[in-house]
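Undergrad:
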Ligand code: IYR
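In my numbering, the protein residues as written are 1275 to 1510.
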């Protein structure tokens, strides 16, 4: 394709600091093969609700979780404000407190707060109010969305925080799966108790709770499918 005569980006603007892009050009066959291999790898990721209680080798969790969280933190975000905080909980007493608080909300959800339509939609997942995985999983990653920020004591707006944190969580789930750990995206509702138990500042809103670990021996998951490619994409 000929170079477009219209500038697409102006790295020569006086105030703009730039660095060279690091980008690997691949041959077309390699690109297609990599795309399909990535598809196949992600397609094997499943939400796991039955974790193994076996202790993990000393240091393994941090050695795996820290780079995965760093990968999440490399996600694009509105105005590059990176409006996220990832809190890793491994302390058994704290995991228990989170379980008890979550189960209290979930009990209310399953026994009245959820509509009949919502409960019917959840039936194929086999979920109920009890959440033992919140104690059994060796780690819980609690993701917080920074609804606004602070700069030298002055409050400032954050932009597109829902989208930004959603993208970062997508990166995180893919990274953890790629590393060999199972995850669940869990959203007890409401989740305010997470901010309280983890003593987060006012600007941080709980976004999702991600139990992480190895699946229990003989772990089973619901027999649910994914929409076909033809159902989800259109070329125009
Ligand atoms: N938060 C509840 C209910 C629940 C809601 C949705 I939407 C799900 O996809 C799964 C569960 C629970 O965790 O059981």
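Glycine is no exception: its CB is placed at the ideal position from the N, C-alpha and C atoms.
Just so you know, these numbers come straight off a predicted model, no measurement behind them.
Put residue 1321 into one of helix, strand or coil per three-state DSSP.
TA: strand
Undergrad: Can you tell me where the beta strand (DSSP E) holding residue 1429 begins and where it ends?
TA: 1428-1431
Undergrad: Could you check whether the Cβ of residue 1384 sits closer than 8 Å to any heavy atom belonging to the ligand IYR?
TA: Taking the Cβ of residue 1384 as the reference point, at least one heavy atom of the ligand IYR falls within a distance shorter than 8 Å.
Undergrad: Could you check if residue 1388 belongs to the surroundings of the ligand IYR, using beta carbon to heavy atom distance under 8 Å?
TA: yes
Undergrad: Cβ of residue 1301 within 8 Å of any heavy atom in the ligand IYR?
TA: no
Undergrad: Quick one: Cα of residue 1337 to Cα of residue 1331, how far?
TA: Approximately 10 Å between the Cα atoms of the pair.
Undergrad: Got a sec: does the ligand IYR put a non-hydrogen atom nearer than 8 Å to the Cβ of residue 1501?
TA: no
Undergrad: Between residue 1462 and the ligand IYR, is the CB less than 8 Å from at least one heavy atom?
TA: yes
Undergrad: Which ranges does the alpha helix (DSSP H) cover as unbroken runs of at least 4 residues, wholly within the segment 1369-1419, from first to last along the chain?
TA: 1390-1396, 1407-1410
Undergrad: Are three or more beta carbon pairs between the segment 1279-1293 and the segment 1410-1430 nearer than 8 Å?
TA: no
Undergrad: Does the beta-carbon of residue 1358 have 16 or more other beta-carbons within 10 angstroms, so that it is buried, or is it exposed?
TA: Around the beta carbon of residue 1358, a 10 Å sphere encloses 16 or more other beta carbons of the protein chains shown; the residue is thus reported as buried.
Undergrad: Of the choices 1396, 1404, 1351, 1292, whose alpha-carbon is the least far from that of residue 1373?
TA: Checked all of 1396, 1404, 1351, 1292; the closest Cα to residue 1373 is 1404.
Undergrad: Check for me: the alpha helix (DSSP H) holding residue 1505 runs from which residue to which?
TA: Counting along the chain, the alpha helix (DSSP H) containing residue 1505 begins and ends at 1503-1506.
Undergrad: Is residue 1401 near the ligand IYR, with its Cβ less than 8 Å from a heavy atom?
TA: yes
Undergrad: Between which two residues does the alpha helix (DSSP H) containing residue 1459 stretch?
TA: Careful: residue 1459 lies outside any alpha helix (DSSP H) and carries neither H nor E.
Undergrad: Starting from residue 1359, follow the beta strand (DSSP E) in both directions and report where the run begins and ends.
TA: Counted as a single uninterrupted DSSP element, the beta strand (DSSP E) harbouring residue 1359 occupies residues 1358-1363.
Undergrad: Can the beta-carbon of residue 1486 be found less than 9 Å from the beta-carbon of residue 1461?
TA: Not closer than 9 Å, so no.
Undergrad: How far does the alpha helix (DSSP H) with residue 1437 in it reach, from first residue to last?
TA: 1435-1453
Undergrad: Taking only heavy atoms of the ligand IYR into account, decide whether any of them is closer than 8 Å to the Cβ of residue 1369.
TA: Answer for residue 1369: no, Cβ out of range of the ligand IYR.
Undergrad: Could you compute how far the alpha carbon of residue 1395 sits from the alpha carbon of residue 1306?
TA: 36 Å
Undergrad: Let me make sure I understand the geometry here. Which of 1497, 1459, 1491, 1451 has the alpha-carbon closest to that of residue 1341?
TA: 1451
Undergrad: Please say whether residue 1326 and residue 1493 have beta carbons closer to each other than 9 Å?
TA: yes
Undergrad: Give the DSSP-derived three-state secondary structure of residue 1484 in the structure shown.
TA: strand
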